[in-house]
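Trainee: Can you keep this structure in mind? I'll have questions shortly.
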Amino acid sequence: MKLTSHSYEETQRLGKELGHLAKPGDVILLVGKLGAGKTCLTQGIAWGLNIDGYARSPSFVVVNEYRGRLPMYHIDLYRLDNIVEIADLGLDDYLYGKGLCVVEWADKAFDILPAQNILINITLAGDTQRNLELITHGQRYTEMLTYFKQGIK
Amino acid sequence: MELSIDTATDTASVAISREGKPIAEISWYAGQNHTVNLIPNALHLFKLIDEELNKIDAVFVSTGPGSFNGLRAGLSAAKGLALSLNIRLIGVETLEVEAYPYADIGLPICVIQNARRGEIATATYCMSDAGWRKLIDVHITTLDALCKAIDSKTVICGQFSSFPANQPDPAQLIAERLGDLAVIREITLRRAGYLAELGWRRLELGESDDVATLQPLYLRRPSITKPREKKR
């Protein structure tokens with residue numbers, strides 16, 4: 113599924129819809145350059161989980177944990193370059209846990225991330241315009257995308 | 287007096303024992319909050335029996351397999367105590383702690399644990415005339431392969447609730463596949479009192495682990511297709 117967001121706020125709204133749909137154990141992978149809006153989308157997802165406040169990019173702490181309707185684990189692989197280093201972090205406790213995982217810079221570690229996921233590619237298409245491509249892997253995420261389409265109509 | 291620490295999975299447990307016989311124990315569902323609850327609960331336990339932490343002369347710890355972060359919390363606490371009090375440290379496999387309560391059934395005891403990615407960690411132990419011993423070492427396999435491999439009556443136990451809810455219930459699957467061959471026991475809380483007994487056995491044999499080198503039992507490096515980077 114492809115769609116275009118025209119503003120920061122619109123990207124947040126899309127995220128919020130994803131947050132509404134999240135179930136325990138879900139994994140959302142985000143791919144996009146610096147400034148593409150990964151953290152912006154994550155902010156929306158957090159709101160969709162009834163998490164108050166603002167999600168900050170966990171580039172240096174790698175994982176931020178938020179408590180809402182479900183726990184949200186906001187993981188950022190930006191600072192990590194070596195996949196062995198990433199594998200050593202013990203992210204499995206989160207990735208196969210009971211909350212929602214949102215992984216920024218997921219393309220750095222596809223091999224060690226769950227094979228079932230929803231992958232969102234964000235690309236810059238202007239000052240505030242962003243193209244989003246949503247790719248699902250697995251039945252659960254196909255279902256999620258179906259509801260997502262209905263939700264954003 | 288010995289302290290036993292087990293934070294290997296979602297559940298955690300602490301016990302105090304005298305010569306391997308538990309005199310106090312607390313077990314709880316810890317989720318991912320082992321670091322928050324472990325020390326307060328251990329201290330509470332000492333208060334309950336009017337004893338002091340610095341009187342222990344050995345520490346036993348559950349070494350996995352299990353949760354990455356849980357194991358680190360338990361191992362660090364145990365190592366910190368062993369170093370600062372200058373006492374002996376003994377690591378015991380988590381699956382062994384889970385098998386031990388069923389020792390008196392007199393059958394091989396196969397423990398299973400959710401290893402994620404559709405796989406399980408398993409090991410088999412047995413109490414026989416020769417004593418308590420391990421029949422099959424801890425390894426990763428699938429439930430399907432395990433069922434195929436079992437050809438004699440066996441106790442099969444584990445924390446079944448740790449398996450994903452969207453997949454077939456392991457207990458039911460084992461029952462269907464193995465019928466009378468399987469004696470199924472679900473473990474709810476894993477109890478450090480058993481860890482105390484197992485740790486004490488090793489202590490009596492004169493064994494102990496090196497505080498510097500004892501490691502959590504991680505069974506699997508994730509499958510990585512990219513070649514390992516050369517050390518600079």
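Protein chains in written order, with the numbering used here: chain A, 113 to 265; chain B, 287 to 518.
Each residue gets a CB set at the ideal place from its N, CA and C atoms; glycine is no exception.
Please confirm whether residue 160/A has its beta-carbon closer than 9 Å to some beta-carbon of chain B.
Mentor: No, residue 160/A lies away from the interface with chain B (no Cβ there is under 9 Å from its Cβ).
Trainee: How long is the line joining the alpha carbons of residue 434/B and residue 297/B, rounded to whole angstroms?
Mentor: 29 Å
Trainee: Using a Cβ cut-off of 9 Å (strictly closer), state whether residue 372/B contacts chain A.
Mentor: no
Trainee: How close, in whole Å, do the beta carbons of residue 342/B and residue 373/B come, if the pair is a contact with beta carbons under 8 Å?
Mentor: 6 Å
Trainee: Grouping DSSP H, G and I as helix and E and B as strand, with all else coil, what is residue 226/A?
Mentor: In the structure shown, residue 226/A falls within a coil segment according to DSSP collapsed to helix, strand and coil.
Trainee: State whether the stretch 138 to 147 of chain A contacts the stretch 199 to 218 of chain A, with contact taken as three or more CB pairs (one from each stretch) at a distance under 8 Å.
Mentor: Using a Cβ-Cβ distance cut-off of 8 Å, the stretch 138 to 147 of chain A and the stretch 199 to 218 of chain A are in contact, since at least three pairs of beta carbons, one from each stretch, lie closer than that value.
Trainee: Within its chain, find whatever has a CB closer than 8 Å to the CB of residue 226/A; leave out the 5 residues flanking it on each side and keep chain order.
Mentor: 139, 207, 208
Trainee: Any residues in the stretch 172 to 198 of chain A with a beta carbon nearer than 8 Å to a beta carbon of chain B? Which ones, in chain order?
Mentor: Those would be 194, 195, 196, in chain order.
Trainee: Using 8 Å as the cut-off, classify the Cβ of residue 378/B as near or not near the heavy atoms of the ligand FAD, replying yes or no.
Mentor: Absent from the structure shown: the ligand FAD. Ligands present: none.
Trainee: Please say whether residue 257/A and residue 244/A have beta carbons closer to each other than 9 Å?
Mentor: no
Trainee: To the nearest angstrom, how far is it from the Cα of residue 455/B to the Cα of residue 357/B?
Mentor: Going by the C-alpha atoms only, they are around 26 Å apart.
Trainee: To the nearest angstrom, how far is it from the Cα of residue 350/B to the Cα of residue 307/B?
Mentor: 22 Å
Trainee: Along the beta strand (DSSP E) that carries residue 266/B, what are the first and last residues, could you check?
Mentor: Residue 266/B falls outside the range modelled here, since chain B spans only 287 to 518, and no answer is possible.
Trainee: Out of 289/B, 313/B, 499/B, 443/B, which has the shortest C-alpha to C-alpha gap to residue 391/B?
Mentor: It is 443/B.
Trainee: What number of angstroms, rounded off, separates the C-alpha of residue 204/A from the C-alpha of residue 369/B?
Mentor: Spanning the two alpha carbons is a distance of roughly 30 Å.
Trainee: Going along the stretch 348 to 365 of chain B in order, which residues come within less than 8 Å of chain A, judged by CB to CB distance?
Mentor: 353, 354, 355, 356, 358
Trainee: I need the straight-line Cα distance from residue 218/A to residue 188/A, nearest angstrom please.
Mentor: When rounded, the distance between both Cα atoms is 8 Å.
Trainee: According to a CB-to-CB cut-off of less than 9 Å, which residues of the stretch 388 to 405 of chain B neighbour chain A?
Mentor: 400, 402, 403
Trainee: Can you give, in chain order, each stretch of the beta strand (DSSP E) that sits fully within the stretch 183 to 254 of chain A and has at least 3 residues?
Mentor: Contiguous beta strand (DSSP E) elements confined to the stretch 183 to 254 of chain A occur at 183 to 188, 212 to 216, 229 to 236, 242 to 249, taking only those with 3 or more residues.
Trainee: For residue 166/A, count neighbouring C-beta atoms within 10 Å of its own C-beta (all shown protein chains included) and say buried if the count is 16 or more, exposed if not.
Mentor: exposed
Trainee: Does DSSP classify residue 292/B as helix, strand or coil?
Mentor: strand
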